[in-house]
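Participant: Here it is: the structure, laid out below.
Number of protein chains: 2
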Amino acid sequence: MGGAELTVVRLGHRQQRDKRITSHLGLTARALGADHFLLCGDEDEHVMETISGVTNRFGGTFSATHDKKPMGWLKAFKREGGVVIHLTMYGEQLKQATAAIPRDTKLAVVVGGAKVPGEMYALADFNIGVGNQPHSEVAALALFLHELLGEIPGQDRFEGGRLEIQPSASGKVVVEKE
Amino acid sequence: MGGAELTVVRLGHRQQRDKRITSHLGLTARALGADHFLLCGDEDEHVMETISGVTNRFGGTFSATHDKKPMGWLKAFKREGGVVIHLTMYGEQLKQATAAIPRDTKLAVVVGGAKVPGEMYALADFNIGVGNQPHSEVAALALFLHELLGEIPGQDRFEGGRLEIQPSASGKVVVEKE
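This is the structure in structure tokens:
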């Protein structure tokens with residue numbers, strides 16, 4: 015990525031109905047290599063605390079903010095040279111479409127909620143389908159980020175936490191740092 | 015996979031708290047190439063109907079059943095020659111561990127719930143971590159199945175449905191079949 019910033023934008027969050035899915039989206043964004051999570055729709059302290067709590071414990075510089083007006087945010091982002099990718103089961107096939115995404119500019123990856131505005135398809139520079147079957151925005155985000163970045167980030171991306179999990183074939187190995 | 019059967023086992027489902035995450039797990043299992051979903055913990059008609067509804071509309075032969083006693087089911091599965099893979103953030107690294115999984119036998123991929131019994135780590139033939147960061151069992155399942163199978167299944171895996179989505183760069187193209 016050459017250090018270009020990567021933001022995951024969650025549209026249309028509904029606090030009660032979506033709280034766990036949206037938390038999973040935020041944590042997946044962090045673990046799979048995004049830099050920032052933009053929560054749109056309802057404000058939600060619980061989601062924000064879940065994400066910041068994991069970053070505090072497990073390290074790295076991932077951040078999360080809320081914005082009421084995602085379409086305005088995305089338009090400003092594009093005016094500043096950002097590229098917008100919309101994940102939708104109706105989109106182009108993952109591999110071919112992802113190969114065409116520029117790597118030298120900041121990217122916003124938009125993940126839909128209950129009602130995606132029709133203008134989203136035109137505003138996006140890329141509409142990408144992670145398989146053209148109904149499944150999960152969490153799965154789609156994970157597979158897209160992996161395809162884009164080519165790897166699952168390792169411990170070197172998550173400096174400064176209190177806890178580090180070491181891979182183990184047979185149990186739980188958690189290193190508590192001072 | 016040489017046609018060997020692949021079952022995704024969801025441990026410890028709690029009907030109220032987990033309904034959406036578990037539905038996403040079932041649909042991700044289907045879309046990413048598993049054959050069967052075994053729901054453990056609470057019974058849940060809503061989850062079952064979500065999965066069968068998608069299969070009815072979008073095709074394929076994916077199935078889902080419930081079992082109260084997953085450890086007994088897994089032990090019987092192993093006695094019959096099946097290989098058990100447990101996805102956990104404490105596990106071995108995805109790429110190396112997945113490369114060692116035999117491809118000529120039936121596989122069960124276990125995805126944890128609220129409380130994973132300690133014996134799960136010993137019962138599993140492989141404990142695999144999809145990144146050693148906390149994120150989402152939906153993301154972990156998607157990335158594992160993609161690593162195991164090497165591709166996202168195409169339309170040829172989903173014969174017989176009423177609806178087919180065709181990839182599009184700019185909008186929604188849904189073909190309604192007779």
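Protein chains in written order, with the working numbering: chain A, 15 to 192; chain B, 15 to 192. Built from N, CA and C at the ideal position, the CB exists for glycine as well.
#1: If you draw a straight line from the alpha carbon of Glu151/B to that of Leu159/A, how long is it in whole angstroms?
#2: Per DSSP, what kind of secondary structure is Gln29/A in: helix, strand or coil?
#3: Taking the straight line between their C-alpha atoms, what separation do you get for Ala43/A and Thr36/A?
#4: Going by DSSP, what residue range makes up the alpha helix (DSSP H) through Val68/B?
#5: Quick check on Gln29/B - is its C-beta less than 8 angstroms from some C-beta in chain A?
#6: Taking the alpha helix (DSSP H) that Thr112/A falls in, what are its first and last residues?
#7: Anyone know if the C-beta pair for Phe76/A and Gln147/B falls short of 8 angstroms?
#8: On the CB-based measure, 16 or more other CB atoms within 10 Å of its CB, does Gly13/B come out buried or exposed?
#9: So, with DSSP's three-state summary, where would you put His149/A?
#10: For Thr69/B, verify whether its CB is less than 7 angstroms away from any heavy atom of the ligand FMN.
#11: For Met103/A, which residues in chain B fall below 8 angstroms Cβ to Cβ?
#12: Whose C-beta lies closer than 8 angstroms to the C-beta of Leu46/A among residues of the same chain, with five residues either side of it excluded?
#13: In terms of residue numbering, what span does the beta strand (DSSP E) encompassing Glu190/B cover?
#14: Quick check: is the beta carbon of Gly126/B nearer than 8 angstroms to any beta carbon in chain A?
#15: DSSP puts Thr79/B in a beta bridge; with which residues?
#16: Could you pull the DSSP bridge partners for Thr21/A from this structure?
#17: Which same chain residues, not among the five before or five after Lys33/B, have their C-beta less than 7 angstroms away from its C-beta?
#18: Between the C-alpha atoms of Gly175/B and Lys191/B, what's the straight-line distance to the nearest angstrom?
#19: Look at the Cβ atom of Glu19/A, then the Cβ atom of Lys109/A, and state whether they are nearer than 8 angstroms.
#20: Quickly, what does DSSP pair Gly95/B with across the bridge? List them, please.
#21: What residues in the region 67-94 of chain A bring their beta carbon closer than 7 angstroms to a beta carbon of chain B?
#22: Quick one: using the 10 Å Cβ neighbour count with 16 as the cut-off for buried, is Val23/A buried or exposed?
#23: By DSSP's criteria, Gly127/B is part of a beta bridge. Which residues make up the other side?
#24: Taking 7 angstroms as the limit between beta carbons, can you name the residues of its chain near Thr92/B, skipping five residues before and five after?
Facilitator: In short, the structure shows the following:
#1: Between Glu151/B and Leu159/A, the C-alpha separation is close to 16 angstroms.
#2: Helix, per DSSP.
#3: Using only the alpha carbons, I get a separation of about 10 angstroms.
#4: Element bounds for Val68/B: 59-72.
#5: Judged by the 8 angstroms Cβ criterion, Gln29/B is not in contact with chain A.
#6: Element bounds for Thr112/A: 108-113.
#7: Cβ atoms of Phe76/A and Gln147/B: not closer than 8 angstroms.
#8: Here chain B comprises residues numbered 15 to 192, so residue 13/B is not present and cannot be evaluated.
#9: If DSSP states are grouped into helix, strand and coil, His149/A belongs with coil.
#10: Ligands are entirely absent from the displayed structure, and the ligand FMN is therefore not among its contents.
#11: Per Cβ cutoff of 8 angstroms: Ile179.
#12: These residues qualify, in order along the chain: Leu155, Ala156, Leu159, His160, Leu163, Ile166, Pro167.
#13: That run of the beta strand (DSSP E) goes 188-190.
#14: It does not: the Cβ of Gly126/B has no partner Cβ on chain A nearer than 8 angstroms.
#15: Bridge partners of Thr79/B: Leu52/B.
#16: Looking at the DSSP assignment, Thr21/A forms a beta bridge with His50/A, Ala122/A.
#17: Excluding positions up to five away in sequence, the list reads Asp58, His60, Val61.
#18: CA-to-CA, the gap between Gly175/B and Lys191/B works out to about 8 angstroms.
#19: No, these two residues do not count as a Cβ contact at 8 angstroms.
#20: Its beta-bridge partners do not exist; DSSP assigns none.
#21: Cβ contacts with chain B come from Val68, Phe72.
#22: So Val23/A ends up on the buried side.
#23: Gly127/B is not bridged to any residue.
#24: According to the sequence as given, residue 92/B is Lys; it is not Thr. These residues qualify, in order along the chain: Val98.
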